[in-house]
Amino acid sequence: MGLLSLARLFAVLAMLFAPLVHAGQVSAARDLREDGVLAGQEGVPILLFYTASYCHYCEAIKTEFLDHMAGDPAYQRRALFREVRVNSAIQLVNFDGSTTTHHHFAGQRAIALVPTLEFVDASGVRLIEPIIGARIPDFYGAYVDQGIENALKKLRIGRDAS
1063 MGLLSLARLF
1073 AVLAMLFAPL
1083 VHAGQVSAAR
1093 DLREDGVLAG
1103 QEGVPILLFY
1113 TASYCHYCEA
1123 IKTEFLDHMA
1133 GDPAYQRRAL
1143 FREVRVNSAI
1153 QLVNFDGSTT
1163 THHHFAGQRA
1173 IALVPTLEFV
1183 DASGVRLIEP
1193 IIGARIPDFY
1203 GAYVDQGIEN
1213 ALKKLRIGRD
1223 AS
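Note that the sequence shown covers residues 1063 to 1224 in the numbering used here.
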């Protein structure tokens, strides 16, 4: 196989696998203070997705819905997606700048069940009631859409009242 043929092969493979490489993914929360600044600048809520390593429903929701949403520019303009693992010691900077872990942060937020979706503002204040549990899988995307829309409305009301 010549050099030109090899280059063509790599080009074809790159085109085939590009959608997989650029597919969206919900990022693990690392610095919520920084995320809060970004969310405040963009005027969007932060969607905190609480999961656990043992939760099969969490993984299904993440791969079937949230990863796609997080990678979609239309959703990126409406919310900032972050994952918090309730049984993990991953280090996390809280909204107030203090350092904690995913596990302790979830405990402070009184997250008792996973999966849970919590919609918060740039300061970490809960905007609407969280979505707790897997609910009806066929409608989960609609639940998330409605949650984002309600959180955006709450943000707009707060901004208009200022």
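From the three backbone atoms N, C-alpha and C, an ideal C-beta is built for every residue, glycine too.
Residues in the same chain with beta-carbon distance under 6 Å from residue i, minus the five sequence neighbours each way, listed in chain order, please.
i       : result
HIS1164 : VAL1146, ARG1147, SER1150, ILE1152, LEU1154
LEU1100 : none
GLY1102 : ALA1184
ALA1080 : With a pLDDT of only 41 at ALA1080, under 50, the local geometry of the prediction cannot be trusted, and the value read off the model is given with reservation. Excluding sequence neighbours, ALA1080 sits near nothing in its chain.
THR1162 : LEU1154, ASN1156
Rounding to the nearest angstrom, what Cα-Cα distance links residue i and residue j in this structure?
i       : j       : result
ARG1188 : LEU1142 : 14 Å
GLU1211 : GLY1086 : 20 Å
LEU1109 : PRO1199 : 19 Å
ALA1122 : LEU1179 : 14 Å
ILE1173 : TYR1202 : 19 Å
ARG1218 : ARG1139 : 14 Å
TYR1205 : ALA1196 : 10 Å
LYS1216 : GLN1170 : 23 Å
THR1125 : HIS1166 : 25 Å
Quick check: is the beta carbon of residue i nearer than 8 Å to any beta carbon in chain D?
i       : result
GLU1180 : The chain labelled as chain D is not found in the depicted structure, where only one protein chain is given.
Using 8 Å as the threshold, is the C-beta distance between residue i and residue j below it?
i       : j       : result
PRO1177 : PHE1111 : yes
ILE1190 : GLY1209 : yes
ARG1095 : PHE1157 : yes
VAL1088 : ASP1134 : no
PHE1181 : ALA1213 : yes
Can you tell me where the beta strand (DSSP E) with residue i in it begins and where it stops?
i       : result
ARG1092 : That residue, ARG1092, is in no beta strand (DSSP E); it is neither H nor E in DSSP.
ARG1197 : Where ARG1197 is concerned, there is no enclosing beta strand (DSSP E), given that its DSSP letter is neither H nor E.
GLN1153 : 1153–1155
ILE1190 : Run containing ILE1190: none; DSSP gives neither H nor E here.
When the Cα of residue i is compared with those of the options, which residue comes out closest?
i       : options                            : result
SER1160 : PRO1107, LEU1175, SER1185, LEU1214 : SER1185
ALA1136 : ALA1114, ARG1144, TYR1119, VAL1106 : VAL1106
Please work out which residues of its chain come closer than 8 Å, Cβ to Cβ, to residue i, disregarding the five sequence neighbours upstream and downstream, and give them in chain order.
i       : result
TYR1116 : ASN1149
ARG1221 : GLY1105
ARG1144 : VAL1088, SER1089, ALA1090, ALA1091, LEU1094, ASP1097, ILE1108, LEU1109, LEU1110, PHE1111
What are the start and end residues of the alpha helix (DSSP H) that includes residue i?
i       : result
ILE1123 : 1118–1123
GLN1170 : 1164–1170
GLN1138 : 1135–1138
Excluding sequence positions up to five away, which residues of its chain have a Cβ less than 7 Å from the Cβ of residue i?
i       : result
CYS1120 : THR1113, ALA1114, VAL1176, PRO1177
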